[in-house]
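Step one of this worksheet: look at the structure below.
Protein chains: 2
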Amino acid sequence: MPSGKDMPRSNCPIACALDLLGDRWTLVVLRDVLLGQRRTFSEIAADEGIATNTLTDRLERLIEAGVLERRRDPRDGRSRRYVPTESGLELIPVLIELMVWGNKYMSRTVPAELLARAVGDRDALLAELVERARDSDD
Amino acid sequence: MPSGKDMPRSNCPIACALDLLGDRWTLVVLRDVLLGQRRTFSEIAADEGIATNTLTDRLERLIEAGVLERRRDPRDGRSRRYVPTESGLELIPVLIELMVWGNKYMSRTVPAELLARAVGDRDALLAELVERARDSDD
DNA sequence: TAAATCACTTGTATTTTGCAAGCTAACCAG
DNA sequence: CTGGTTAGCTTGCAAAATACAAGTGATTTA
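Same order as they appear, the protein sequences are chains X and R. For the first sequence, my numbering begins at 797 and goes up steadily by one. For the second sequence, my numbering begins at 797 and goes up steadily by one.
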């Protein structure tokens, strides 16, 4: 009970990563930000049926973990933009692997072109996605 | 209420994959089976502090999803071995990417050799891990 | 200035998870 | 073959996480 945050359950990097990412919503939120160019609260909330209090909580945790940053939108004072940091961008490979696996075994709705590149042209696709995700940082 | 299991929240492959994998324990269990050669209930239960009822539930879900199979141990009738299927083996890349990211940003306990290969020699490491995971299938 | 929008907050109900204990079948030692 | 031990669960209950619905305050737009 001492520290403000819970202790990691172990020092295995997979288990530690899952302390942050291992729930039903966090990686869906990051998918929106990193692959979907959805960066405002309402854009993310609209996409799948995440409850707004859960979304608030996930965004705060990701900010505290240094994976996202929150910025005001200069064009609309009500709006905030959630943008990836460097460590956030480096979660793109995790999402790509999940996408490839999920497409093969759970669903088949990835555009064929994207999927083909994820498998056959992985490095170039990653570079492109990182660029695209980084560009809209403002 | 038609199907025995809940409907997927969407047909996005990432969201669908997370319907199965997106919780605190499922990927830790798969880490034990796929990377750690831990294949019995008690080996997996001992490793981190997972509750036994949760472990039972996760193993059942993974079997139902076709990611693991349960087999009796011919040497000990009490014991069961949880072994990966083909689709289970193909989750190794997801675990590797999580490990690389977790090591960089959340923890630093991966053996340097393994980590170096995960980054610089990815394809050969994957092939080797798949082989090793497959070998002990019996 | 009134209505709409955005990003939350606040209850409350439901679901999931953790913890401790017990239970059954299979093995093992004497 | 008997008694103790081990493996793999199951059960009951408490605690935590999540969903759902409604409301709030600060903008912005009409």
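Cβ atoms here follow ideal geometry from the backbone N, Cα and C, with glycine treated the same way.
Test: residue i CB closer than 8 angstroms to a CB of chain X
i: R:Ser883; result: yes
i: R:Asn807; result: yes
i: R:Glu886; result: yes
i: R:Leu864; result: no
i: R:Arg820; result: yes
i: R:Gly845; result: yes
i: R:Ile859; result: no
i: R:Ser838; result: no
i: R:Glu927; result: no
i: R:Glu909; result: no
i: R:Leu855; result: no
i: R:Thr905; result: yes
i: R:Val915; result: no
Nearest-angstrom Cβ-Cβ length linking residue i and residue j, presumed shorter than 8 angstroms
i: X:Leu855; j: X:Val879; result: Going by Cβ atoms, the distance from X:Leu855 to X:Val879 rounds to 11 angstroms, so no, they are not a contact pair.
i: X:Glu844; j: R:Arg805; result: 6 angstroms
i: X:Ile892; j: X:Ala914; result: 5 angstroms
i: X:Ile840; j: X:Asp828; result: 5 angstroms
i: R:Gly898; j: X:Ala861; result: That pair is no contact at about 11 angstroms.
i: R:Val890; j: X:Val890; result: 7 angstroms
i: X:Thr905; j: R:Asn807; result: 5 angstroms
Exposure label - residue i; buried when at least 16 CB within 10 Å
i: X:Glu924; result: exposed
i: R:Ser838; result: exposed
i: R:Pro809; result: buried
i: X:Arg877; result: buried
i: X:Asp815; result: buried
i: X:Ala811; result: buried
i: R:Glu886; result: buried
For residue i, the residue or residues it bridges with in DSSP
i: X:Thr836; result: X:Arg877
i: R:Arg867; result: R:Arg877
i: R:Asp872; result: R:Asp869
Reference residue i, options the options, closest by Cα
i: R:Gly873; options: R:Glu860, R:Thr850 and R:Thr836; result: R:Thr836
i: X:Thr850; options: X:Glu882, X:Tyr901 and X:Trp821; result: X:Trp821
i: X:Arg867; options: X:Glu860, X:Ser875 and X:Ala861; result: X:Ser875
i: X:Arg930; options: X:Gly818, X:Arg834 and X:Asp815; result: X:Arg834
i: R:Val824; options: R:Ile859, R:Met895, R:Arg877 and R:Glu886; result: R:Met895
i: R:Asp857; options: R:Asp819, R:Asn807, R:Tyr901 and R:Met902; result: In the sequence as presented, Asp is not what sits at residue 857 of chain R; that position holds Arg. R:Arg857 has its Cα closest to that of R:Asp819, out of R:Asp819, R:Asn807, R:Tyr901 and R:Met902.
i: X:Thr881; options: X:Leu922, X:Ile859, X:Asp919 and X:Leu817; result: X:Ile859
i: R:Leu826; options: R:Ser883, R:Lys900, R:Ser903 and R:Glu909; result: R:Ser883
i: X:Gly832; options: X:Leu910, X:Tyr901, X:Leu817 and X:Pro870; result: X:Leu910
Cutoff 8 angstroms: residue i Cβ touching any chain R Cβ
i: X:Lys801; result: The predicted model places X:Lys801 with a pLDDT of 44, which falls under 50 and marks its position as unreliable, so this point remains unresolved.
i: X:Val879; result: no
i: X:Leu921; result: no
i: X:Met797; result: Low confidence applies here, because X:Met797 scores a pLDDT of 29, under 50, leaving its location unreliable; read the following figure in that light. Output row for X:Met797: interface = no.
i: X:Leu830; result: no
i: X:Val825; result: no
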